[in-house]
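Counting from 1, position 321 in the sequence shown corresponds to residue 321 in the working numbering; the numbering is continuous, with no gaps.
Ideal placement from N, C-alpha and C gives every residue a C-beta, glycine not left out.
Please read the structure below before turning to the comments.
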Amino acid sequence: VLSFSLPRLVREFVAQNNTSQIKHVIQILSQEFALSQHPHSRKGGLIGLAACSIALGKDSGLYLKELIEPVLTCFNDADSRLRYYACEALYNIVKVARGSVLPHFNVLFDGLSKLAADPDPNVKSGSELLDRLLKDIVTESNQFDLVGFIPLLRERIYSNNQYARQFIISWILVLESVPDINLLDYLPEILDGLFQILGDNSKEIRKMCEVALGEFLKEIKKNPSSVKFAEMANILVIHCQAADDLIQLTAMCWMREFIQLAGRVMLPYSSGILTAVLPCLSYDDRKKNIKEVANVCNQSLMKLVIPEDDEMDEAKQSMTLLAEPTPEESISNPEAASSGEPPHCGRSELDITALNQPLSFPCSSERIQVTLNLDGIVQVLDCHLHDTSIGMMTRIAVLKWLYHLYIKTPRKMFRHTDSLFPILLRTLSDESDEVILKDLEVLAEIASSPAGQTEGHGPSDGSDARPSPVELHVPARASQLSSSGTKGLECSPSTPTMNSYFYKFMINLLKRFSSERKLLETRGAFIIRQLCLLLNAENIFHSMADILLREEDLKFASTMVHTLNTILLTSSELFQLRNQLKDLKTPESRNLFCCLYRSWCHNPVTTVSLCFLTQNYKHAYDLIQKFGDLEVTVDFLTEVDKLVQLIECPIFTYLRLQLLDVKNNPYLIKALYGLLMLLPQSSAFQLLSHRLQCVPNPELMQTADSTKPSTGFKRASASNIDYTELLQHFEKVQNKHLEARHQRAGRAEQLDRRVVL
């Protein structure tokens with residue numbers, strides 16, 4: 001009856017333009033049949049509504065709301081057959097109405113998304129037919145309401161059902177392919193959901209999602225000017241830290257493109273990006289692709305920091321922004337920039353969003369508003385340095401970042417130096433030489449940057465603040481600050497030009513060596529030699545000698561002096577410093593000798609070697625004469641043995657050649673014989689004895705000009721060095737060491753007695 005009489009009746013009403021009767025018929029089919037409690041009535045009602053739509057033809061668009069709503073209600077029917085009939089009925093309604101159904105697209109899409117996950121294969125098949133029809137209509141139409149559809153898409157995209165996800169992705173691909181629909185404008189609304197779907201267990205769905213994301217990325221590369229990079233940055237930060245490799249790799253690839261395309265627009269999110277990228281740099285070969293992309297992201301982000309970021313004062317920034325609002329203000333609100341946190345950092349440590357204050361810098365002819373969130377970046381870098389579980393490459397990257405920031409934004413970075421200094425010092429104990437090298441570069445930059453200048457002397461700790469006759473004086477703040485690129489090393493090497501942190505660095509480095517003797521034994525020479533390359537070697541030895549002069553731990557002072565002396569005599573990095581000390585021609589070199597000598601007195605044998613280096617042979621002989629009053633221990637004899645070995649090295653070639661001039665170097669020969677007399681019958685004794693046997697007879701060395709006045713001692717007499725005072729200082733220091741040894745021996749004896757008791 002419905003198939004034959006109903007269409008005829010509806011057509012008659014259409015011909016009569018009797019809309020009220022048409023609505024009455026549809027209402028009866030809906031209320032009394034389609035929404036009936038009886039299954040057969042519901043089935044009849046669905047067939048009737050479809051037949052009614054066919055009879056209405058092009059006029060069906062006037063009654064679509066009344067036709068569609070009861071059919072969609074049947075999508076939720078418990079009977080799978082009725083759900084199938086509902087699909088069939090809606091298919092016929094949509095097929096007749098075509099583009100007229102677009103105003104009702106959201107309700108149709110909502111119903112179809114539910115049927116996509118229907119357990120009945122027939123219903124699912126019917127929904128797929130309807131889905132294809134609806135896609136065809138959307139594709140051929142230019143009246144699709146994308147703005148009204150996006151909220152529904154954003155809601156449905158978070159479905160966990162595989163079929164629903166597949167349905168969503170298929171629609172995104174269709175909408176992306178339509179030229180008149182610009183889905184890219186609304187990508188921030190759905191990007192997070194797409195990355196969620198990318199982690200689906202189904203390979204097919206993951207592949208579909210990859211394709212969709214790939215299409216979006218192609219579109220972004222074609223039209224970067226219309227992309228809302230800032231609104232998607234935090235989404236990528238979160239997914240760059242995903243446990244799923246595919247999600248992480250895809251998000252990292254997007255991040256790479258964003259940084260390269262958007263440039264400084266990404267600066268406000270640097271802290272979050274680094275939180276995500278830095279751990280990836282230590283991945284092994286199993287995640288090689290992620291590691292490589294993360295490295296590109298890291299390098300590209302680093303290049304965005306420029307010297308201009310260091311020039312604007314925060315107060316001026318605020319005034320500028322209040323006075324000159326720009327259209328780009330919307331991109332400078334990096335909310336949740338640090339929402340992705342490393343597992344070792346709590347949110348309280350990385351709550352960086354609040355620190356993101358906008359900056360404005362002139363760029364060419366226009367003003368680009370950006371935010372260099374330096375506080376947030378430093379917090380992330382500091383947090384990673386404190387985490388002992390991170391890999392070597394991550395630690396190296398962190399130190400490279402710190403070095404880069406000190407180069408590009410030194411003034412702002414020095415506000416963080418006091419908080420960074422302790423962890424940078426602790427990093428010197430790292431197992432990796434590469435990490436230590438980078439760490440030393442950062443510390444050297446801190447110690448030499450003009451931006452670190454303060455009034456007066458460098459900061460020091462407690463007892464180290466006492467003035468000394470040979471204290472390393474740090475120049476007052478000068479016009480050097482006007483040039484952030486200079487190192488301040490153009491002056492004479494004997495006029496230290498390091499900043500106020502240099503002396504603090506030397507003090508704390510020695511304290512670290514004192515508290516961690518293993519570090520001194522294994523890496524001490526390595527660290528000091530590298531510092532001599534990075535900084536002024538004379539400044540380093542001058543300041544360390546000054547600090548050691550007031551060192552209360554005499555045993556450590558002796559060990560440290562021995563280490564410094566070995567470096568001075570053997571390291572190629574100190575060739576110029578050795579030449580400077582060898583001749584003592586200038587007041588600066590003589591001042592340095594006196595400074596070193598006073599500290600070298602902590603170790604008698606090193607003091608003699610310093611005299612040999614500076615050709616103060618008479619004083620060396622006087623010192624050796626004093627050795628008879630010292631406590632000769634095995635360690636003492638071992639050091640004498642090592643000194644004999646050093647005399648045979650290329651460093652002391654000039655000394656051995658001076659043995660030919662017996663007349664002008666009598667004290668050199670006496671000093672060497674003094675060492676020989678100190679040694680027991682050992683290999684070192686035999687070595688030195690053989691050398692002295694080669695000293696020629698003075699009478700055989702007589703020449704025609706031997707009657708000329710000798711000039712061998714002119715340098716010493718012209719040096720104006722008070723050797724008597726130096727010798728007294730040596731005796732004073734050695735008496736302190738003797739008392740300290742007696743005290744240690746007394747404490748050890750008391751401890752032994754307690755153990756016995």
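Local Cβ density within 10 Å of residue i, reported as buried at 16 or more and exposed below that
i, result
"Ala745", "exposed"
"Val632", "exposed"
"Phe593", "buried"
"His619", "buried"
"Tyr85", "buried"
"Val147", "exposed"
"Ala243", "exposed"
"Ile28", "exposed"
"Ala671", "buried"
"Lys408", "buried"
"His384", "buried"
"Tyr503", "buried"
"Arg747", "exposed"
"Ser330", "Unreliable positioning characterises Ser330 in this predicted model, as indicated by a pLDDT of 34, which lies under 50. The coordinate reading is nonetheless provided below. Exposed, by the Cβ-count rule."
"Thr586", "exposed"
"Glu12", "exposed"
"Ala15", "exposed"
"Lys438", "buried"
Residue i beta carbon near the ligand FAD (any heavy atom closer than 7 Å)
i, result
"Asp622", "Absence of the ligand FAD from the depicted structure is noted, as is the absence of any ligand whatsoever, leaving it without description."
Identity of the residues DSSP links to residue i by a beta bridge
i, result
"Val227", "In the DSSP output, where bridge partners are listed per residue, Val227 has none listed."
CB contact check: residue i to chain B, cutoff 8 Å
i, result
"Gln686", "Here chain B cannot be found, since the structure has a single protein chain."
C-alpha distance - residue i paired with residue j, whole-angstrom precision
i, j, result
"Asn122", "Lys221", "42 Å"
"His542", "Phe730", "18 Å"
"Asn616", "Val398", "48 Å"
"Tyr597", "Val378", "42 Å"
"Asp285", "Asn295", "14 Å"
"Met392", "Leu281", "9 Å"
"Ser113", "Trp171", "10 Å"
"Ile137", "Asp375", "53 Å"
"Ile540", "Val608", "21 Å"
"Met677", "Ala740", "27 Å"
"Leu64", "Leu90", "10 Å"
"Ile669", "Gln658", "9 Å"
"Asp194", "Ile157", "Per the sequence shown, residue 194 should be read as Leu rather than Asp. When rounded, the distance between both Cα atoms is 7 Å."
"Pro410", "Asp629", "54 Å"
"Val634", "Cys601", "19 Å"
"Lys412", "Asp309", "9 Å"
"Gly126", "Gly99", "20 Å"
"Val370", "Ala251", "23 Å"
"Leu613", "Lys582", "6 Å"
"Thr388", "Leu428", "13 Å"
"Ser682", "Lys288", "58 Å"
"Ile423", "Thr417", "10 Å"
"Gln143", "Cys253", "35 Å"
"Pro7", "Gly45", "13 Å"
"Glu66", "Leu198", "39 Å"
Practice item. Kindly confirm or deny that the region 77-84 and the region 92-112 touch, where touching means at least three C-beta pairs closer than 8 Å. Key: With the cut-off at 8 Å, the region 77-84 and the region 92-112 do not touch.
Review point. Is the region 228-237 touching the region 180-194, taking contact as three or more C-beta pairs under 8 Å?
Key: Judged by Cβ distances under 8 Å, the region 228-237 makes contact with the region 180-194, as three or more pairs qualify.
Check your understanding: Does the region 678-697 touch the region 647-666, meaning 3 or more C-beta pairs lie closer than 8 Å?
Key -> Short answer: they touch.
Point to revise | Validate contact between the region 257-265 and the region 297-314 using beta carbons, cut 8 Å, 3 pairs | key: A contact exists between the region 257-265 and the region 297-314.
Review point. So, do the region 506-520 and the region 556-572 have three or more beta carbon pairs nearer to each other than 8 Å?
Key: Taking one beta carbon from each stretch, the region 506-520 and the region 556-572 have 3 or more pairs nearer than 8 Å; the two touch.
Exercise for review: Would you mind listing the alpha helix (DSSP H) stretches within the region 44-113 that are 4+ residues and don't spill past its ends, in chain order?
Suggested key: For the region 44-113, whole alpha helix (DSSP H) runs of length 4 or above, ordered along the chain, are 64-74, 80-97.
**Study point:** Every unbroken alpha helix (DSSP H) within the region 543-609, with a cutoff of 4 residues, ordered by chain
**Key:** Segments of the alpha helix (DSSP H) lying fully in the region 543-609: 554-570, 575-583, 587-600.
Exercise for review: Kindly provide the ranges of any alpha helix (DSSP H) runs that are 4 or more residues long and lie completely inside the region 197-227, ordered along the chain.
Suggested key: The qualifying runs are 203-222.
Exercise for review: Quick one: which unbroken alpha helix (DSSP H) runs of 4-plus residues sit fully inside the region 505-548? Chain order, please.
Suggested key: Counting only runs of 4 or more, we get 517-534.
Point to revise | Three-pair Cβ contact test at 8 Å for the region 159-173 versus the region 190-204 | key: Pairwise C-beta distances place the region 159-173 in contact with the region 190-204, as three or more of them are shorter than 8 Å.
Review point. Enumerated in chain order, which unbroken segments of the alpha helix (DSSP H) with a length of 4 residues or greater are wholly contained in the region 645-669?
Key: Complete alpha helix (DSSP H) runs here, min 4: 653-658.
Practice item. Could you pull out every unbroken beta strand (DSSP E) segment of at least 3 residues lying fully inside the region 103-166, listed in chain order? Key: Counting only runs of 3 or more, we get nothing.
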